[in-house]
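K.L.:
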Amino acid sequence: MVVTLDELVLDAMRAAVREETQAGFSNLHRFIDRRIAELSAELHASVELVDLNEARLSQELTQMHEQIAGLVAAPALANRNSGVELEAVVVATEAAANTILEAAEAIQEWIHDGGRDPDAIQALATRVNAIFEACSFQDVTGQRVRRAIQHLQQVEAMLERFMPHPPSPAGKLRVATERHTVRPDAQGQPDMGQCEIDALLRA
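Written as structure tokens, this is what we have:
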């Protein structure tokens, strides 16, 4: 086989190019391998960080769920929560209102009948004292409402960690009630003053 000069020159050029580029390709391979290892380590660290954040988020949500569940849980022995406190406020307020209304109606009926019986005067004084005693419910209900507000503020603080921006203001809430504290036939009559009440008690 006869080798021409052109083939010899081509082989020499190939060998020279191979020798010149071999070192560069080796360095490039090492750089790529090192960079792949670095990216793999960074990705592994990111995955661990995401897992940690998810675990922390799950823990926060679980704690928040337990706190909210405690606010509306059914009453239990030796357990105070906002649901129980507010329910007790409603019961105490309703009982006091009933006592006040019953006493006021009895006094109004006595005045309407124009009674001057001494026994009726004593009964009237008893009814007035019952009104004053019933009005003391505000002390107990105030304490219960404050405890309920503290519970709700704790939940609000937990929610603020997940919602840093304040919520949009809510519209006005209209509460309808069917209970009237004054009988319809007595709504147009003027209220009694303290002097009139004292005069009735002295009669």
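Counting the sequence shown from 1 gives a position; our numbering is that position plus 1067.
Just so you know, even glycine gets a beta-carbon here, dropped at the ideal spot from N, CA and C.
(1) Would you call the stretch 1186–1197 in contact with the stretch 1216–1223, where contact means no fewer than 3 C-beta pairs closer than 8 Å?
(2) When you compare only the Cα positions, how much space is there between V1084 and R1102?
(3) Would DSSP call S1203 helix, strand or coil?
(4) CB-CB under 7 Å to T1166, same chain, minus the five flanking residues each way: which ones, in chain order?
(5) When you compare only the Cα positions, how much space is there between T1129 and F1199?
(6) Can you look up R1081 in the DSSP assignment and give me helix, strand or coil?
(7) For E1161, tell me which candidate among S1203, W1177 and I1174 has the shortest Cα-Cα distance.
(8) Just the Cα atoms here: how many angstroms apart are A1141 and T1208?
(9) Are A1163 and R1194 close, meaning C-beta to C-beta below 8 Å?
(10) Would you kindly work out how many angstroms separate the C-alpha atoms of A1215 and E1115, rounded to a whole number?
(11) Under 6 Å Cβ to Cβ from H1111, same chain only, skipping five residues before and after it: list those, please.
(12) In whole angstroms, what separates the C-alpha of A1108 from that of Q1126?
(13) Can you tell me whether H1218 is buried or exposed? The criterion is at least 16 other CB atoms within 10 Å of its CB, across all chains shown.
(14) Rounded to a whole number of angstroms, what is the C-alpha to C-alpha distance between A1159 and E1133?
(15) Please report how far the alpha carbon of W1177 lies from the alpha carbon of Q1210, in whole angstroms.
P.N.:
In short, the structure shows the following:
(1) no
(2) 27 Å
(3) coil
(4) A1197 and A1201
(5) 47 Å
(6) helix
(7) S1203
(8) Only weak support is given to the placement of A1141: the predicted model assigns it a pLDDT of 46, under 50, and the value that follows is read from those uncertain coordinates. In a straight line, the C-alpha of A1141 is about 19 Å away from that of T1208.
(9) no
(10) 40 Å
(11) none
(12) 27 Å
(13) buried
(14) 28 Å
(15) 36 Å
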